[in-house]
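Report on one structure; see the data block that follows.
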Amino acid sequence: MVPLEVCPIVPFSSKKRQTMPTIARIIPASLALAFALAAALPATAAVPPAPAVSAPQRTPYPVIDPAFSRPDGRRMPSRATLRAFLTELKSTRQVNTFCFVQRKLERPDTAEPGTSVLSMIWYEGESIHRINRLRVGQSYAPGTMDPETEGRMLAHATGTVDIKTDVVPTDADVGTSTFLVSRPWVDHMLAQCRRVGTQVRIPAFKPPVPRPGGGS
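Residue numbers (the working numbering): 351 to 566.
Structure follows, in structure tokens:
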């Protein structure tokens, strides 16, 4: 019989002592390679974020606007008309103050450059009213209505801005609206009326007693 070859048994602790130095040699070599590759790569500078592009803003309204001027007195409502206006709106028990100012419109505010608009600011009513407008070459022709009728019509006319409800913070907020206006626009109207406008003060008064049949 061929004698069996007996292989010596190596204890587990002996294999561990042989394997750990090998692993220890491999790890430092791998880290060294990684550091070497990192050093060889070019450094990448941090790219700052692009600045946000702001929307174009409207040029501020000028303090002295040559488009505004003192109104032609013939275009302004009479005091009798204003009292009829106040009677219709039931605002007769207090002093009421109005300011009238003319403005020459240009593009893009109108399709007819040179148009003149007469506006009325009613301070107590917190509203701005468009009284009349004249195109280039037109001359003003006074109406033939009686003051009471004219005042009632003015009280319910279109083209009125209610400062309490029809005003938004900026020109951009107006958008395509046909009735909203911006706070800067209102402030500009008020400033120009104080500068060149004509003020009319109507003291408190007792409204006329309506006649039978609805007439005044």
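No residue lacks a Cβ here, since even glycine has one placed at the ideal position from N, Cα and C.
Using the Cα positions of Pro534 and Cys449, report the straight-line distance between them to the nearest angstrom. Between Pro534 and Cys449, the alpha-carbon positions lie close to 18 Å from each other.
Classify Ala491 as buried or exposed, calling it buried when 16 or more other Cβ atoms lie within 10 Å of its own Cβ. Exposed is the call here.
Inter-residue Cα distance where the pair is Arg545 and Thr520: Rounded to whole angstroms, Arg545 to Thr520 spans 23 Å at the Cα level.
List in chain order: all unbroken beta strand (DSSP E) runs of 3+ residues lying wholly within the segment 513-558. Complete beta strand (DSSP E) runs here, min 3: 548-552.
Determine, using beta carbons only, whether Arg451 and Pro427 come nearer to each other than 8 Å. One point to set straight first is that residue 451 is Val, not Arg, in the sequence displayed. The answer is no: Cβ separation not under 8 Å.
Return yes when the Cβ of Ala430 is within less than 8 Å of the Cβ of Pro497, no when it is not. Yes, the Cβ-Cβ distance between Pro497 and Ala430 is below 8 Å.
May I ask you to list the residues that DSSP assigns as paired with Phe418? Residue pairing by DSSP places Phe418 opposite Arg453 in a beta bridge.
Excluding sequence positions up to five away, which residues of its chain have a Cβ less than 8 Å from the Cβ of Asp567? An answer regarding residue 567 cannot be provided, because it is not within the stretch 351 to 566 covered by the chain.
Is it buried or exposed for Ser549, if we count other Cβ within 10 angstroms and need 16 for buried? Strictly speaking, residue 549 in this sequence is Gln, with Ser absent from that position. Under the 10 Å beta carbon count, Gln549 is surrounded by fewer than 16 other beta carbons and is classified as exposed.
Can you tell me whether Met426 is helix, strand or coil according to DSSP? Coil.
From Glu462, Thr447 and Gly464, pick the residue whose C-alpha is nearest to that of Glu474; which is it? For the set Glu462, Thr447 and Gly464, the Cα lying nearest the Cα of Glu474 is the one of Thr447.
Return helix, strand or coil for Pro560, following the three-state DSSP convention. The answer is coil: DSSP assigns Pro560 none of H, G, I, E or B.
Who pairs with Thr447 in a beta bridge, going by DSSP? DSSP output for Thr447 lists Arg551 as bridge partner(s).
To the nearest angstrom, how far is it from the Cα of Lys556 to the Cα of Arg457? Rounded to whole angstroms, Lys556 to Arg457 spans 45 Å at the Cα level.
In this structure, how does DSSP classify Met470 when only helix, strand and coil are distinguished? If DSSP states are grouped into helix, strand and coil, Met470 belongs with the strands.
Taking Cβ positions, are Ala417 and Glu500 nearer each other than 8 Å? In this structure, Ala417 sits away from Glu500, with a CB-CB distance that is not shorter than 8 Å.
Report all residues from its chain with a CB closer than 6 Å to the CB of Asp437; omit the five preceding and five following residues, and keep chain order. Position check: residue 437 holds Thr in this sequence, whereas Asp was assumed. So the qualifying residues of the chain are Pro557.
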